[in-house]
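Report on the following structure.
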Amino acid sequence: MSADLTSSRAATIPERPSLDGLEDKWGQVWAEQQTYTFDRDAALAGPRSAVFSIDTPPPTASGSLHMGHVFSYTHTDCMARYKRMAGFNVFYPIGWDDNGLPTEKRVQNYYGVRGDASLPHDPTFEPPHRGDAKSLRAGDAMPISRQNFIELCDELTVEDEKAFESLFRRLGQSFDWDISYRTIDDHSRATAQQAFLRNLARGEAYQAEAPGLWDVTFQTAVAQAELEARDYPGAYHRVAFHGADGPIHIETTRPELIPSVVALIAHPDDERYAGLFGSTVTSPLFGVEVPVVAHPMAEMDKGAGIAMCCTFGDLTDVIWWRELQLPTRSVITRQGRIQAETPEWIAGGPGAELFGELAGKTVHSARELVVAALRETGDLDGEPKATQRKANFYERGEKPLEIVTSRQWYIRNGGRDADLNGKLIGQGQSIDFHPSFMQARYANWVAGLNGDWLVSRQRFFGVPIPVWYPLDADGEPVWDSPIVPTEESLPIDPVSQAPQGYDESQRGQAGGFTGDPDVLDTWATSSLSPQIAAGWRSVDESGSVTTDPVFDKVFPMDVRPQGHDIIRTWLFATVVRAYFEHGTVPWTNAAISGWILDPDRKKMSKSKGNVVTPEDVLREHSADAVRYWAASGRLGTDAAYDVGQMKVGRRLAIKVLNASKFALSFGEVDGDLAAQVTNPLDRALLAGLREVVEKATAGFESWDYTRSLEVTETFFWTFCDDYLELVKDRAYGSQGDAEAASARATLRIALDVVLRLLAPFLPYVTEEAWSWWHDGSVHVTSWPTSDEVAAADDGVDPGMLGAVGSALATVRKSKSEAKLSMRAEVARITLGGPEHLLAHVRAGEDDLRAAGKITGSLDLVPADAWGASDVELIPVEKPKPQQ
RNA sequence: GGACGUGUAGCUCAGCUGGUUAGAGCGCUCGCCUCACACGCGAGAGGUCAGGGGUUCGAGUCCCUUCACGUCCA
Numbered sequence: 001m002s003a004d005l006t007s008s009r010a011a012t013i014p015e016r017p018s019l020d021g022l023e024d025k026w027g028q029v030w031a032e033q034q035t036y037t038f039d040r041d042a043a044l045a046g047p048r049s050a051v052f053s054i055d056t057p058p059p060t061a062s063g064s065l066h067m068g069h070v071f072s073y074t075h076t077d078c079m080a081r082y083k084r085m086a087g088f089n090v091f092y093p094i095g096w097d098d099n100g101l102p103t104e105k106r107v108q109n110y111y112g113v114r115g116d117a118s119l120p121h122d123p124t125f126e127p128p129h130r131g132d133a134k135s136l137r138a139g140d141a142m143p144i145s146r147q148n149f150i151e152l153c154d155e156l157t158v159e160d161e162k163a164f165e166s167l168f169r170r171l172g173q174s175f176d177w178d179i180s181y182r183t184i185d186d187h188s189r190a191t192a193q194q195a196f197l198r199n200l201a202r203g204e205a206y207q208a209e210a211p212g213l214w215d216v217t218f219q220t221a222v223a224q225a226e227l228e229a230r231d232y233p234g235a236y237h238r239v240a241f242h243g244a245d246g247p248i249h250i251e252t253t254r255p256e257l258i259p260s261v262v263a264l265i266a267h268p269d270d271e272r273y274a275g276l277f278g279s280t281v282t283s284p285l286f287g288v289e290v291p292v293v294a295h296p297m298a299e300m301d302k303g304a305g306i307a308m309c310c311t312f313g314d315l316t317d318v319i320w321w322r323e324l325q326l327p328t329r330s331v332i333t334r335q336g337r338i339q340a341e342t343p344e345w346i347a348g349g350p351g352a353e354l355f356g357e358l359a360g361k362t363v364h365s366a367r368e369l370v371v372a373a374l375r376e377t378g379d380l381d382g383e384p385k386a387t388q389r390k391a392n393f394y395e396r397g398e399k400p401l402e403i404v405t406s407r408q409w410y411i412r413n414g415g416r417d418a419d420l421n422g423k424l425i426g427q428g429q430s431i432d433f434h435p436s437f438m439q440a441r442y443a444n445w446v447a448g449l450n451g452d453w454l455v456s457r458q459r460f461f462g463v464p465i466p467v468w469y470p471l472d473a474d475g476e477p478v479w480d481s482p483i484v485p486t487e488e489s490l491p492i493d494p495v496s497q498a499p500q501g502y503d504e505s506q507r508g509q510a511g512g513f514t515g516d517p518d519v520l521d522t523w524a525t526s527s528l529s530p531q532i533a534a535g536w537r538s539v540d541e542s543g544s545v546t547t548d549p550v551f552d553k554v555f556p557m558d559v560r561p562q563g564h565d566i567i568r569t570w571l572f573a574t575v576v577r578a579y580f581e582h583g584t585v586p587w588t589n590a591a592i593s594g595w596i597l598d599p600d601r602k603k604m605s606k607s608k609g610n611v612v613t614p615e616d617v618l619r620e621h622s623a624d625a626v627r628y629w630a631a632s633g634r635l636g637t638d639a640a641y642d643v644g645q646m647k648v649g650r651r652l653a654i655k656v657l658n659a660s661k662f663a664l665s666f667g668e669v670d671g672d673l674a675a676q677v678t679n680p681l682d683r684a685l686l687a688g689l690r691e692v693v694e695k696a697t698a699g700f701e702s703w704d705y706t707r708s709l710e711v712t713e714t715f716f717w718t719f720c721d722d723y724l725e726l727v728k729d730r731a732y733g734s735q736g737d738a739e740a741a742s743a744r745a746t747l748r749i750a751l752d753v754v755l756r757l758l759a760p761f762l763p764y765v766t767e768e769a770w771s772w773w774h775d776g777s778v779h780v781t782s783w784p785t786s787d788e789v790a791a792a793d794d795g796v797d798p799g800m801l802g803a804v805g806s807a808l809a810t811v812r813k814s815k816s817e818a819k820l821s822m823r824a825e826v827a828r829i830t831l832g833g834p835e836h837l838l839a840h841v842r843a844g845e846d847d848l849r850a851a852g853k854i855t856g857s858l859d860l861v862p863a864d865a866w867g868a869s870d871v872e873l874i875p876v877e878k879p880k881p882q883q
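Under UniProt numbering, think of the first position of the first sequence as 1, with each following residue one higher.
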């Protein structure tokens, strides 16, 4: 603690304590004092078990700040603060996920540009807009080189990260800001490339030419984990194929794919079509001959029960194509248009002319043309029937995905290998999920995978795939023998750097090389967040690649906090990478936070206009209040955005300040505090507190911080409303010095413990109150133990406070019902209460009389329930109004 | 269609391995300027624990089933 704070201690309990300014004041002190800094030397010198390491989610810096961030990051911070106080050396990094498509989209909109890999770098480039390009049409965006584009991404993400940092600091996140990373920085790129190269060397990464999902808007391949099935309006067209014995009708939502039909497929058990299996039919309009074949994936009860299989209309077509070894007849280009050249299976046929009209058309216009043609030839049976079909979309895209064949990189993930699949499910089972049912999400997803992880993306702002390909004598790439860089040379960009043994002049030349133009899926980098943060790849003074010795002290990490929506992506991918690289799980716990819903139970989103900005919320309610709301939400449970809870939190925070001030206002207590606690009510309070400490600790230990908060909060309100009221007179000295000392000592002991119990939740007010009478930060003191509150000997009944409290409540009720002030004197009262509690009341009679202003006779009688009788009250004399 | 979760006072939620009369806070009503706090304090009203079966001496809690809602996957 700095000198000025120490010297001002105790003397500066404010006249009117307030929440105002606490965030700025303590945020600054914590930064200066490095309160939350990970002790690297201690970690290296000590055992792994002394460290608690957290694989903090790197937020998407270009994304918007929302209450979901506040919610889930607070959950983790409460755990981190508890662990720190419990004596762990907490490794709590913070990163920014700034590579990937969200940033690209934001950069495009912000600067009014679009990336064009064919353009050369312009070192003097200035963007046409800065934040004012909102209404710009996509077509008007200025094409710029990949490198210029990346420079803009860098520029903007750094700005965006400042907003996040400011929010997180204000919220009281106890990150170690010195351990930070960006998923696009040199270290992250090198780590991602190194891990990829090792996957490649071990055969865990491979490339293949295969049909895959393709987003025509973003011009990139998309992985299974990024899919979203959405309802999409379409229409069933009943179309006749021509068989030897007459027409066979199929129903399709994509008649424009008739030129790429390769088979008609029905279920093997479908008697309607059994006679046709093995025969051929010809397609309408184009007259292409295709077989009728059987496959169990054909749905008998859907449409006509027989489907046309094309290259490729959907993922089922791909399965049929592969399993039935059907020919490839692709007509859709990566732009989502019908290809220009007439394919050989149509050329010269009856549909050649029609295809010429289709050439270059979008899927949509092609469909209209084909339907018109079908109508003309009579091959369209009836009118199209509107339907809502499920179509696959890229989660960020607006047009249904097409399936195109392309060469892509994959990392094995058990989607095509039952053995690996089982092992990865097993890895998930050795992670403790909180709540445990989230385990099922993981297992379901892994078991349902149907292909390996596609990791290459045809985008700009990402980690380049670190390989080159030699060009043969004809200038064609030799895909099978990629040239890889040394680990020491990472990170590299194969598009702007030449591989070892070549020089730049050989790029694109026969006998030379070409660089892989693609970047890695953003998850391929963020799935290495533990390795990135913990220094799995490190470069020593001599330039050699090594591993930071601290890595073994923090990895596998203790916890991965995240949302349940990205179990299939981030969580699973991280498990895959750690399994391949280290043969272990990446962490032993996964703490899964829920979502924030608006009060109408809808997910809060921009489009619904129900988003509030966290900065405003923090300013209005205070960080402690907002944290209280967040901490009231249990792991795995979606929570309502609830201003009411924040107000309750604010009330609690203010109460902490006021009660602390009051408890400390009776003067210093010298000597051994515990030894001076002699009064039975005081001992009962501490006995109750002892139970609270045990429950609060058990709550945190079982990842149920909400339980800890609840039990502490309940105790604290009883402490304020009953205990403080009962003992204040005695603490002032009305019953003599020894009795006063007992009360004062108890107040200090209890306050000391309660502030520490609340510190993980309300870091600002607890630190403020702590500073009034302690040196150092409450956040690095020790978590209270039940031994500390052992002043109460065995045999002390914590129920005494409840008994005397109930008696006091009964007295209050009498006054309340008489509509009198609590200051009204009780001249006479008979209290009835449970017989076994009356001895407690008698033992606390002096305090009860003082708190209840009972000046006359007080009789206690056994009764089933608490109640007062024979009451005589003397109203308080109101001062006469001044004339 | 499959998996998982949720359904308790007007609202937000606690109720652990089944055990007195089902709890809290907010809101509401009524009172109180009580020497820490009026951003406060005290008191009160308010519930067939989604419906139906079953196990048990005893079920909000366990089992079966139905319904509603949510999320994920087809």
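Built from N, CA and C at the ideal position, the CB exists for glycine as well.
Suppose the cutoff is 8 angstroms on Cβ atoms and the five residues either side in sequence are ignored; what does the same chain contact list for residue i look like?
| i | result |
| --- | --- |
| R823 | K853 and V876 |
| A653 | L19, S622, D624, A625, Y628, L762, Y764 and V765 |
Determine whether the beta carbon atoms of residue i and residue j lie at a separation below 8 angstroms.
| i | j | result |
| --- | --- | --- |
| L635 | W703 | yes |
| V669 | A769 | no |
| V363 | E487 | no |
| H582 | M85 | no |
| R230 | A391 | yes |
| G426 | L420 | no |
| residue 934 | V239 | There is simply no residue 934 to check, as the chain begins at 1 and stops at 883 in what is shown. |
| Y410 | A208 | yes |
Can you tell which of the options has the C-alpha that lies nearest to the C-alpha of residue i?
| i | options | result |
| --- | --- | --- |
| A696 | S786, H129, K390 and P464 | S786 |
| H126 | E151, L757 and H242 | In the sequence on display, residue 126 carries Glu and not His. For the residues E151, L757 and H242, the minimum Cα distance to E126 belongs to E151. |
| Y36 | A61, T60, H66 and Y82 | Y82 |
| W320 | R169, S330 and V293 | V293 |
| R441 | R568, R389 and A366 | R568 |
Evaluate residue i with the Cβ neighbour count: other Cβ atoms within 10 Å of its Cβ, from every protein chain shown; 16 or more gives buried, anything less gives exposed.
| i | result |
| --- | --- |
| R16 | exposed |
| F555 | buried |
| P561 | buried |
| E821 | A quick correction: the sequence has Ser, not Glu, at residue 821. Exposed: under 16 other Cβ atoms inside 10 Å. |
| V222 | buried |
| Q429 | exposed |
| L873 | buried |
| M297 | exposed |
| F38 | buried |
| A687 | buried |
| N444 | exposed |
| F437 | exposed |
| P549 | exposed |
Excluding five sequence neighbours on each side, which residues of the same chain lie with their C-beta closer than 7 angstroms to the C-beta of residue i?
| i | result |
| --- | --- |
| T855 | E825, V826 and A827 |
| N148 | H121, D122 and F125 |
| V51 | A43, F88, N89, F91, K553 and V554 |
| G360 | R337, I338 and A340 |
| R412 | E204, L420 and D452 |
| G131 | Y110 |
Cβ of residue i within 7 angstroms of any heavy atom in the ligand MN?
| i | result |
| --- | --- |
| R329 | Questions concerning the ligand MN fall outside what the structure shown contains, since it holds no ligand whatsoever. |
Whose C-beta lies closer than 6 angstroms to the C-beta of residue i among residues of the same chain, with five residues either side of it excluded?
| i | result |
| --- | --- |
| T546 | S538 and D540 |
### Message
Which runs of the alpha helix (DSSP H) at least 4 residues long sit entirely within the stretch 713-739? Give them in chain order.
### Response
724-732
### Query
At which residue ranges does the stretch 797-875 contain complete beta strand (DSSP E) runs of 3 or more residues, listed in the order of the chain?
825-833, 854-862 and 867-874
### Query
Taking the runs of the alpha helix (DSSP H) that are 4 residues or longer, which of them lie wholly in the stretch 614-648?
614-621 and 623-631
### Task
Please go through the UniProt domain "Aminoacyl-tRNA synthetase class Ia" (26-115) and give each complete beta strand (DSSP E) segment of 3 or more residues, from N-terminal end onward.
51-53, 89-91, 94-96 and 113-115
### Query
Could you give the uninterrupted runs of the alpha helix (DSSP H) lying entirely in the stretch 197-264, keeping only those of 4 residues or more?
none
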